[in-house]
Amino acid sequence: MKRDTYDFVIIGAGPAGLLAAHRAVSRGATVALIERNLLGGECLNTGCIPSKTIIRTSRLYAEMRHAEHFGARVPSGITVDFPLLMERMKSVRARIGRQSFSARQLTARGVDIHLGQAVFVGPTAVRVNGKSLRFRKALIATGSRPIIPEIPGLVEAGYLTNENVFDLTECPRRLLVIGGGPLGCELAQSFSRFGSQVTIVQDEPMFLLQEERDAAQILSEALARDGIDIRLNTLVVNIRVENGEKIIDLVSEGNKSTVVVDEILIGVGHQPNVEDLNLQAVGVEHDTKTGIRVDDFLCTTNSRIYAAGDVCFEHTFTHIEDASAGIVVENALFRGRKRLSALTIPWCTYTDPEIAHVGMYVREAQKKGIVVNTFTVLMHDVHRAIADGEEDGFVKISVKSGTDKILGATVVARHAGEMINDITLAMTSRIGLRRLAQVVHPYPTQAQAIKMAADAYRRTRKPRIKRRAK
Amino acid sequence: MAEQQLQSDDGLLDRFQRAAFQYFLQQTNMENGLVADRSRKDAPASIAVVGFALSCYPVAVERGWMDRAEAAARTLVTLRFFYNSEQSEAPDATGYKGFYYHFLNIKTGKRVWQSELSLVDSTFLVAGILTASCYFDESNQDETEIRDLADGLYRRMDWRWAQNGKSSVSQGWKPECGFLHYGWEGYDEAAILYVLGLASPTHPLSDDSFKEWTSTYQWENIYGYNFLYSGPLFTHEYSHAWIDFRGIQDRFMREKDCDYFENTRRAICVQQEYARRNPHEFKGYCENFWGLTASDGPGNKTLLLDGRDRHFFGYAARGVPFGPDDGTISPSLAFTSLPFTPAISLATIRHYCEQFPNITSEYRIPGAFNPTLTDAKPEGWISEGYFGLDQGMMVMMIENYRSELIWKLMQKCPYIRKGLRSAGFKNGWL
Chain A
69 MKRDTYDFVI IGAGPAGLLA AHRAVSRGAT VALIERNLLG GECLNTGCIP
119 SKTIIRTSRL YAEMRHAEHF GARVPSGITV DFPLLMERMK SVRARIGRQS
169 FSARQLTARG VDIHLGQAVF VGPTAVRVNG KSLRFRKALI ATGSRPIIPE
219 IPGLVEAGYL TNENVFDLTE CPRRLLVIGG GPLGCELAQS FSRFGSQVTI
269 VQDEPMFLLQ EERDAAQILS EALARDGIDI RLNTLVVNIR VENGEKIIDL
319 VSEGNKSTVV VDEILIGVGH QPNVEDLNLQ AVGVEHDTKT GIRVDDFLCT
369 TNSRIYAAGD VCFEHTFTHI EDASAGIVVE NALFRGRKRL SALTIPWCTY
419 TDPEIAHVGM YVREAQKKGI VVNTFTVLMH DVHRAIADGE EDGFVKISVK
469 SGTDKILGAT VVARHAGEMI NDITLAMTSR IGLRRLAQVV HPYPTQAQAI
519 KMAADAYRRT RKPRIKRRAK
Chain B
338 MAEQQLQSDD GLLDRFQRAA FQYFLQQTNM ENGLVADRSR KDAPASIAVV
388 GFALSCYPVA VERGWMDRAE AAARTLVTLR FFYNSEQSEA PDATGYKGFY
438 YHFLNIKTGK RVWQSELSLV DSTFLVAGIL TASCYFDESN QDETEIRDLA
488 DGLYRRMDWR WAQNGKSSVS QGWKPECGFL HYGWEGYDEA AILYVLGLAS
538 PTHPLSDDSF KEWTSTYQWE NIYGYNFLYS GPLFTHEYSH AWIDFRGIQD
588 RFMREKDCDY FENTRRAICV QQEYARRNPH EFKGYCENFW GLTASDGPGN
638 KTLLLDGRDR HFFGYAARGV PFGPDDGTIS PSLAFTSLPF TPAISLATIR
688 HYCEQFPNIT SEYRIPGAFN PTLTDAKPEG WISEGYFGLD QGMMVMMIEN
738 YRSELIWKLM QKCPYIRKGL RSAGFKNGWL
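Going down the list, the sequences are from chains A and B.
Under this note's numbering, the residues of the first sequence are numbered 69 to 538, in order.
Under this note's numbering, the residues of the second sequence are numbered 338 to 767, in order.
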């Protein structure tokens, strides 16, 4: 029998909501979890898990085609079995769902799950399926949804987003990807490797706008090598359908062109799910573009209500949702004073090569008046990367000039998402480059690039023997 | 090529320098002074190449390749054309707000290819105009008119408009879409743009513009060299064609205990080190075979060569060490790098003469070549014809190496001095 008063009511069963539910219930709180769609949210169903699963298959096809690069024969008759790879994706998704996001597990641990749309009906009450639930504290973790750009003809022509692209049963012969952010680049590369003729359109001069320009440059080259037609500084201005084909009109700095495709994938970003919650009624300030306003403790403008995840953050990453959910549980239920700004949050774009970043960008530091030195190691100098045939990329670690304090780092490498963890740990533990140079890394590993960067720092600090002129 | 091997360094450089200057004699429309972007048939004029031509005429006079009156006459034709050309928002005008479209019809002087009103190319043009103004300092009618026109052309450039209300400068403007929505991010060839923009007595850049630009710089340690990073080598050299950066420092360089001249030297060393390591195993690369920059290329294609997929590019801003790199190098860089790294450059020039004799024809240096593309000849693919920018840079930088002529001229230019001081440069010849 479900109760009607809880210590903690959570709206949204994505990563943030689920983790908060687990943590809160394990520490004795009574918890209600409300979800209007599927448990697991975007990450499991339409985001990280399905995309990383098909990326793995796409890498395999790329490696098979370039087998000679690795000293092997190219297998004869390589044909992409699209239904098979999608079947694997669904199987992986189901397995992870069972392991980590099962309603049965949650219920067994004492979480009451309510399926339906939540609406705030008072400062301490929310209604779902006609039932009022009272709460001591609440968490809004409703996530986000894809932004659909206003392009004439787009709706009529039909389009894919991350919400339905993983339902495809056939690989599109010609695919237009609108948007050069992480999602657009990852899926453009994957579908190209599955055999689609991919055109990617980005209205900016480079991909992954916030990343280092050299990282974006390497990615741009990688996408070009995969045969993707790259259109930077380009806008889609009109779409029409003729004889079953989608005709796309483009404009780049005043120059017009047209491409013809079979499918359109939108990857221009996400917008927070703040509608339908009746947030005004409970004094939770929000914006349909930037989401719910929270302070550094993740408290909204209503002191009983907190928010976490995509609904209030610029960066929409699952691990940030996890971390922020932990902060909310501490602060909301146990009078904690944990701050979001105290976290060191890395992120990664899972293209090939991957692009990972942690901490400040150089431009951010310099805007704050911090003088920065950057130590760069090219992956083509790393023995394991040479042996692996994975030499594209670099490790850049930036320190405050005159010190060894790590301000931030960017890694571009086949396994950058794994490598960035070394640097994140160092930053979190306040380990500088001098001490990082003393950490012994097994030889040969690609992560040795990090030690090589630290060694480069150390070489600039070592005293040199002064010789008298003869 | 045996002949080249026997020549002294100065004799060899003189031949190459004079051959490069021939470009401006052959590719200039004498009716308006416009110069073709490249030597291919029907190429449009490039305003930047015109700026280089104007800077090269004084070299030709001093070297005895052209008499002063002819150089002044050529200069005057050019300046009169720009001064009287249409400045408006019309899509086929020659310029707007004192700036000029990147590419012009060489006969009519009207905008072609829907090109952008280019701030940096207009800067190179006006740098050439100011070079002429400094050189032609006699009181006769022609040289007086050159100085008057030069000052008028410089004064009407509306740098503040080019900021579009921001601290930084846009890369350009088009009548079809307004300002291009990208600006100058990171170190590049734009130093002289900021110097001349800040010095304008009429419409200067805002005081914070240079600081805004330098806040996007990246000081990196790569291959053991600490330097202000930029990939393509031309970005480290173009501003240096006019400005002698030896011993003068802005705030950024003072903090790094370096100067922009020394920085370029290190950038060349990084290029050389990259070529020595040759991570992509391109043919030819070695310590005497380097020079990745914005250049022509074999074209966009992927070929299976020696069991390896090789992706080639057309015209692209090739750079070190992050790429793109398709095995194409620009031999002119060995010459334009002479003031910074004379020993490395001379060794490289002699290596080209010895190993790739077919890349030159009568001492003319092509835009690029790529030995990886084919086995048929050692030099592989060679860019067709010649580029005005390469030839102009060769004439100017060989001269700066030999006599420092352009640097000394521009040290006298009040606008250069004022602009450098406004950007925070101190010490040295300032």
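Where is the CB? At the ideal position from N, CA and C, for every residue including glycine.
For the pair of segments examined, the region 128–136 of chain A was found not to touch the region 98–116 of chain A: the number of CB pairs separated by less than 8 Å stays below three. Each residue's CA atom was taken as its position, placing Ala453 of chain A and Lys464 of chain A some 16 Å apart. Among the residues of chain A, those whose CB is under 7 Å from the CB of Pro661 of chain B are Glu289, following chain order. For Leu183 of chain A, the pairing in a beta bridge is given by DSSP as A:Glu103. In the displayed model, Lys511 of chain B falls within a strand according to three-state DSSP. Taking one beta carbon from each stretch, the region 300–313 of chain A and the region 211–223 of chain A have 3 or more pairs nearer than 8 Å; the two touch.
The C-beta of His448 of chain A comes closer than 8 Å to at least one C-beta of chain B.
Excluding the 5 residues flanking it on each side, Ile384 of chain B has same chain C-beta neighbours closer than 6 Å at Tyr437, Asp458 and Leu462, in chain order. The alpha-carbon separation between Gln424 of chain B and Leu490 of chain B amounts to approximately 11 Å. Its Cα nearest to that of Asp646 of chain B, the residue A:Val142 stands out among A:Pro512, A:Val142 and A:Ala284. Using beta-carbon distances, Ile384 of chain B does not count as an interface residue toward chain A, since no partner is under 8 Å. A straight line joining the alpha-carbon of Leu767 of chain B with that of Cys111 of chain A spans about 60 Å. Every alpha helix (DSSP H) of 4 residues or more that sits fully in the region 635–689 of chain B is shown, in chain order, as 669–673. In this structure the region 749–763 of chain B lies against the region 518–532 of chain B, because at least three pairs of beta carbons, one per stretch, are closer than 8 Å. If you draw a straight line from the Cα of Pro421 of chain A to the Cα of Gln348 of chain A, it is about 44 Å long. Taken atom to atom, the span from the alpha-carbon of Phe693 of chain B to that of Arg739 of chain B is near 25 Å. Listed in chain order, the non-local C-beta contacts of Lys519 of chain A below 6 Å within the same chain comprise His509, local neighbours out to five positions each way being set aside. Within chain A, the residues Glu272, Pro273, Met274 and Asn301 have their CB atoms less than 9 Å from the CB of Tyr519 of chain B, given in chain order. In the DSSP annotation of this structure, Ile702 of chain B is not part of any beta strand (DSSP E), being labelled neither H nor E. Closer than 8 Å at the C-beta level to chain B, one finds these residues of the region 450–462 of chain A: Glu459 and Phe462. Distance from the Cα of Cys606 of chain B is smallest, within the candidate group B:Ala487, B:Gln748, B:Gly568 and B:Arg591, for B:Gly568. Secondary structure note for Arg308 of chain A: its beta strand (DSSP E) is the uninterrupted segment Thr302 to Glu310. For Asn563 of chain B, no alpha helix (DSSP H) encloses it; the enclosing beta strand (DSSP E) starts and ends at Tyr562 to Leu565. Using a CB distance cut-off of 8 Å, Trp627 of chain B does not count as an interface residue toward chain A.
Spanning the alpha carbons of Asp479 of chain B and Met494 of chain B requires a straight line of approximately 23 Å.
With contacts defined as CB atoms closer than 8 Å, Ala684 of chain B and Ser632 of chain B fail to qualify as a contacting pair. Within the region 559–587 of chain B, contact with chain A at the beta-carbon level (separation under 9 Å) is assigned to Ile559, Tyr560, Gly561, Asn563, Tyr566 and Gly568.
The Cβ of Thr553 of chain B sits closer than 8 Å to at least one Cβ of chain A.
Burial is judged here by how many other beta carbons sit within 10 angstroms of a residue's own beta carbon; Tyr524 of chain B has at least 16 and is buried. Secondary structure remark: continuous beta strand (DSSP E) runs of at least 3 residues inside the region 322–384 of chain A, in chain order: 323–329, 331–334, 338–340 and 373–375. Against Asn441 of chain A, the close residues of chain B are Trp556, Glu557, Asn558, Asn563 and Lys593, in the order they occur along the chain (beta-carbon pairs closer than 9 Å).
Restricting attention to A:Ile332, A:Ala100 and A:Arg261, the CA atom closest to the CA of Thr147 of chain A is found in A:Arg261. Look at the beta carbons and you see the region 403–420 of chain A touching the region 361–369 of chain A: at least three pairs across the two are nearer than 8 Å.
At a cut-off of 8 Å between beta carbons, Lys620 of chain B makes no contact with chain A. If you check the CB distance, Ala391 of chain A and Ile413 of chain A come in under 8 Å. Between Phe649 of chain B and Asn637 of chain B a beta carbon distance of about 7 Å is seen, short of the 8 Å cut, so the two are scored as contacting.
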